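Engineer: One structure follows; several queries about it will come next.
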Amino acid sequence: MRTIKSTPARDGYRMPAEYERHAGCWMLWPERQDTWRAGAKPVQAAFAAVAAAISSGEPVTVGVSAGQFHNARARLPDRVRVVEMSSNDAWVRDCGPTFVVDARGRRRGVDWIFNAWGGLQDGLYFPWDRDDDVARKILEIEGDSRYRAPFVLEGGAVHVDGQGTCLTTEECLLNPNRNPQLTRTDIEELLRRYLGVSTVIWLGKGVHLDETGGHIDELACFTSPGHVALTWTEDRRDPQYEISRDAHERLRRARDARGRRLTVHKIHQPGPMFMTADEAAGIDRHDGSRERSAGDRLPASYVNFYVANKVVVMPLYDKRWDGAAMRALRRLFPTRKVLGVATREVLLGGGNIHCITQQVPRRVAS
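Just add 937 to wherever you are in the sequence shown, counting from 1, and you've got the numbering used here.
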């Protein structure tokens, strides 16, 4: 694997939209017992169900620790590739590479600096050194050259439309626990250089009490050029109401990189949802890790879905709202089958389907 000293934009590369064609998808196998309850067995079942759903629409690879290899291989469908790979946890969206492509169909990967969503100031666990190596390992296996970005970023902090526009939040990228030395202008320039975008649309806060510090992939995402899905609630007493309303106003005023106004599609949130006493009791306590307690509000969002080649895989949480969310996604992705997977167990760890997946765009030439 070659590490390139240039930047993707300088070399003519861009981050494609998630709804462009994929070669496959990566996941990491969960086992960390201060994140996942009951020895991680319930969440392993959920990860296996997500992998099975995605693999009905494109190839899936799961990175697994040596100690969990046989367990994962037995639980995952035969069509899912399993490779031995150490990591600190299972959030491959954030610690894995962001792939970029050029006009000739060549592919490379961006390896961001990872600090567990806040480093020693606010990070969710310590150490995170093996997670910071995951992107490089995946790029080795995929045979793609690597850019090592000079700043902290997680893949869940950005969404792109593939046509020059990036969505992100001020709460996350302007938080001093990521890059205190960088200004807003500095960060915008780095996004242009490493994602190959020309326009950055800033939303304010992310989903209420999202422990990643406001990732965009819980709040909003592009579903096609000029169209954005937005987490919504009609409950004015819910703190999420003002967050989503502010995001809606910013999106309504924004123009994308091609000068288009955006069409915003509201998808009502589930819940609110909270961790139960039984769920909290099943999680190990560990120095240096975030404590999870009964009554904690969970950052549940239907926008945290994954777009594969033939399917869209969405979380199921709440029968009151699951059906409406599925119907909305079917309208937004009419050429793909929308599959729902019960993923409360993933939500208990702080994220959902988009957070535990990373797409690999199709490479036309080497």
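Just so it is clear, CB atoms sit at the ideal spot from N, CA and C, and this is done for glycine as well. Keep in mind the model is a prediction, meaning the values are calculated, not measured.
For the alpha helix (DSSP H) containing R1300, name the first residue and the last one.
Structural biologist: Taken as a continuous stretch (DSSP letters only), R1300 belongs to no alpha helix (DSSP H), as it is neither H nor E.
Engineer: Out of G1225, S1238, L1104, which one is the CA nearest neighbour of Q1058?
Structural biologist: G1225
Engineer: How many angstroms separate the CA atom of F1088 from the CA atom of R1229?
Structural biologist: 29 Å
Engineer: Considering only their Cβ atoms, is the gap separating G1150 from G1141 smaller than 9 Å?
Structural biologist: no
Engineer: Which residues mark the beginning and the end of the alpha helix (DSSP H) in which A1184 is found?
Structural biologist: 1176–1190
Engineer: Using the Cβ count rule (16 or more neighbours within 10 Å means buried), how would you classify M964?
Structural biologist: buried
Engineer: Return the residue from the list H1205, L1111, A1040, D1098 that minimises the CA-CA distance to E1091.
Structural biologist: Comparing C-alpha distances from E1091 to each of H1205, L1111, A1040, D1098 shows the shortest one belongs to L1111.
Engineer: Can you find the residues in the same chain that come closer than 7 Å, C-beta to C-beta, to R1216, ignoring five residues on each side of it along the sequence?
Structural biologist: Looking at the sequence shown, residue 1216 is not Arg but Glu. Within the same chain, E1216 has close Cβ partners R974, L1285.
Engineer: Buried or exposed for P1014, going by 16 or more other Cβ atoms inside 10 Å?
Structural biologist: P1014 is exposed by the Cβ-count criterion.
Engineer: Quick check: what's the CA-CA separation for W1128 versus S1238?
Structural biologist: Checking the sequence shown, residue 1128 turns out to be Leu, not Trp. In a straight line, the C-alpha of L1128 is about 25 Å away from that of S1238.
Engineer: Give the straight-line distance between the Cα atoms of V1201 and V1165, rounded to the nearest whole angstrom.
Structural biologist: 5 Å
Engineer: Less than 9 Å between the C-beta atoms of C1103 and H1291, yes or no?
Structural biologist: no
Engineer: Pick out whichever of T972, C1032, W966, G976 has its Cα sitting closest to the Cα of V987.
Structural biologist: W966
Engineer: For a quick check, are the C-beta atoms of R1099 and P953 less than 9 Å apart?
Structural biologist: A small correction: the amino acid at residue 1099 is Gly; Arg does not occupy that position in the sequence shown. Contact flag set, yes.
Engineer: Using three-state DSSP, classify L1119 as helix, strand or coil.
Structural biologist: Annotated three-state conformation of L1119 is coil, per DSSP.
Engineer: Under 9 Å, Cβ to Cβ, is there at least one residue of chain D near Q1118?
Structural biologist: Any reference to chain D falls outside this structure, which holds one protein chain only.
Engineer: Any idea what DSSP makes of A1094, helix, strand or coil?
Structural biologist: helix
Engineer: Whose C-alpha, out of T1170, D1193, H1152, is nearest the C-alpha of T1136?
Structural biologist: D1193
Engineer: Taking only the alpha-carbon atoms, compute the straight-line gap between E1079 and A960 and give it to the nearest angstrom.
Structural biologist: 10 Å
Engineer: From M1210 to D1123, what does the alpha carbon distance come to, in whole angstroms?
Structural biologist: Separation of M1210 and D1123 (C-alpha to C-alpha, rounded to the nearest whole angstrom) is 37 Å.
Engineer: Which runs of the beta strand (DSSP E) fall wholly inside the stretch 1190–1214 and span at least 3 residues, in chain order?
Structural biologist: 1200–1205
Engineer: Among Q1177, V1301, Y1243, Q1296, which has the Cα closest to the Cα of V1278?
Structural biologist: Nearest to V1278 by alpha-carbon distance, out of Q1177, V1301, Y1243, Q1296, is Y1243.
Engineer: So if DSSP puts Y950 in a beta bridge, which residue, or which two residues, is it bridged to?
Structural biologist: Y950 pairs with D1039.
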